[in-house]
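Residue numbers (this note's numbering), protein chains in the order written: chain A, 192 to 306; chain B, 35 to 146.
Built from N, CA and C at the ideal position, the CB exists for glycine as well.
Since the structure comes first, as structure tokens, the remarks are kept for the end.
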Amino acid sequence: AQTVTQSQPEMSVQEAETVTLSCTYDTSESDYYLFWYKQPPSRQMILVIRQEAYKQQNATENRFSVNFQKAAKSFSLKISDSQLGDAAMYFCAYSRGGSNYKLTFGKGTLLTVNP
Amino acid sequence: SQTIHQWPATLVQPVGSPLSLECTVEGTSNPNLYWYRQAAGRGLQLLFYSVGIGQISSEVPQNLSASRPQDRQFILSSKKLLLSDSGFYLCAWTKRANYGYTFGSGTRLTVV
């Protein structure tokens with residue numbers, strides 16, 4: 192079974208600084224998808240960024256970017272110019288191809304942004 | 035545009051009472067639908083998923099069941115709630131693996 196590991200239960204960053212959240216996963220598949228979700232105090236799950244495993248180029252969405260290392264099975268999230276609104280729980284997630292599109296989530300990293 | 039509605043937002047139920055949580059999706063057809071539970075503080079556990087009307091797959095044997103009576107409606111039920119059923123329940127949908135999920139706003143269930 193696929194597993195997703197987030198080794199940092201909590202992280203903190205100063206406003207305007209950069210922070211990197213780590214994620215590793217275990218899979219024997221070659222075709223899969225990776226995601227980062229944000230869950231603010233409202234508990235609404237928000238998709239931050241996605242990466243297809245067949246793409247070598249790292250995904251970028253404004254201040255959010257990933258470092259996808261397929262051989263190392265690593266998928267870290269970098270947040271640049273951190274803002275107070277970035278404070279949230281961040282979840283890494285993995286989906287194998289196929290018809291059911293199930294997502295397996297890591298346990299999350301709680302990010303605090305200090306003013 | 036597609037939207038997902040989940041209700042109720044909050045629910046307090048006594049042990050042994052029944053449960054029905056509902057989730058509906060608008061603006062799309064034949065979505066894959068999912069129920070997740072999030073225990074206090076942490077990760078999401080997949081409970082059920084459905085790839086079509088009447089098709090339900092269970093991931094975790096437990097006190098809950100799910101049904102999909104219509105294409106865009108997904109219901110989570112229990113005949114008799116246990117204390118351990120307390121948690122935050124999230125419904126989600128997707129059409130393709132690379133889309134990721136769109137989540138509902140969740141239901142906070144407290145069994146007392």
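Between residue i and the rest of its own chain, which residues show a CB-CB distance below 7 Å, the 5 nearest in sequence each way excluded?
i: residue 229(A); result: 237, 239, 279, 281
i: residue 193(A); result: 216, 217, 218, 285, 287, 295
i: residue 73(B); result: 121
i: residue 58(B); result: 39, 106, 107
Can you pull the chain B neighbours of residue i, defined as C-beta to C-beta under 7 Å?
i: residue 236(A); result: 124, 137
i: residue 243(A); result: 132
i: residue 298(A); result: 76, 77
i: residue 293(A); result: 80, 83
Between the options, which has its C-alpha nearest residue i's C-alpha?
i: residue 119(B); options: 91(B), 49(B), 87(B); result: 49(B)
i: residue 303(A); options: 287(A), 277(A), 257(A), 295(A); result: 277(A)
i: residue 129(B); options: 123(B), 94(B), 86(B); result: 86(B)
i: residue 173(A); options: 250(A), 234(A), 220(A); result: No information on residue 173(A) is available, as it lies outside the stretch 192 to 306 that chain A covers here.
i: residue 112(B); options: 42(B), 36(B), 52(B); result: 52(B)
i: residue 232(A); options: 275(A), 223(A), 292(A), 253(A); result: 275(A)
i: residue 293(A); options: 213(A), 223(A), 208(A); result: 223(A)
i: residue 262(A); options: 247(A), 254(A), 208(A), 272(A); result: 247(A)
i: residue 140(B); options: 104(B), 90(B), 69(B), 35(B); result: 69(B)
i: residue 220(A); options: 213(A), 271(A), 243(A); result: 243(A)
i: residue 159(B); options: 101(B), 105(B), 134(B); result: In the structure as shown, chain B starts at 35 and stops at 146, and residue 159(B) therefore has no counterpart that could be examined.
i: residue 138(B); options: 47(B), 35(B), 56(B); result: 56(B)
i: residue 158(A); options: 135(B), 108(B), 106(B); result: No answer is possible for residue 158(A): the residues shown for chain A start at 192 and end at 306.
i: residue 271(A); options: 265(A), 264(A), 211(A); result: 211(A)
i: residue 268(A); options: 214(A), 196(A), 253(A); result: 214(A)
Along chain A, in chain order, which residues have C-beta atoms closer than 9 Å to that of residue i?
i: residue 121(B); result: Those within 9 Å of residue 121(B) in chain A number zero; the least Cβ separation is about 11 Å.
Assuming residue i and residue j form a contact by the criterion Cβ under 8 Å, report the distance between their Cβ atoms to the nearest whole angstrom.
i: residue 206(A); j: residue 301(A); result: Not quite, the Cβ-Cβ distance comes to about 17 Å (not below 8 Å), so this is no contact.
i: residue 143(B); j: residue 45(B); result: 5 Å
i: residue 256(A); j: residue 204(A); result: Actually they are not in contact, since the Cβ atoms of residue 256(A) and residue 204(A) sit about 15 Å apart, beyond 8 Å.
i: residue 124(B); j: residue 78(B); result: 7 Å
i: residue 106(B); j: residue 299(A); result: In fact, because the Cβ distance is near 29 Å, the residues do not count as touching under 8 Å.
i: residue 3(B); j: residue 145(B); result: With chain B represented from 35 up to 146, any question about residue 3(B) goes unanswered, as that position is not in the structure.
i: residue 209(A); j: residue 297(A); result: With 8 Å as the limit, residue 209(A) and residue 297(A) do not qualify as a contact, their Cβ atoms being about 21 Å apart.
Taking 8 Å as the CB-CB cut-off, is residue i touching chain E?
i: residue 85(B); result: You won't find chain E in this structure, because its protein chains are A and B.
By the criterion of Cβ-Cβ separation under 8 Å, what are the contact partners of residue i in chain B?
i: residue 288(A); result: 131
i: residue 212(A); result: Going along chain B, no residue has its Cβ under 8 Å from residue 212(A), so there is no contact; the nearest lies around 15 Å.
Quick one: list the residues of chain B neighbouring residue i, beta-carbon separation under 9 Å, in chain order.
i: residue 226(A); result: 134, 135
Using a Cβ-Cβ cutoff of less than 6 Å, which residues in the same chain neighbour residue i once the five nearest sequence positions on both sides are dropped?
i: residue 60(B); result: 37
i: residue 114(B); result: 50
i: residue 226(A); result: 241, 284
i: residue 259(A); result: 242, 249, 266
Can you list the residues of chain A that residue i reaches, using a CB-CB cut of under 7 Å?
i: residue 128(B); result: 292
i: residue 61(B); result: Result: empty, since nearest Cβ-Cβ is about 17 Å, beyond 7 Å.
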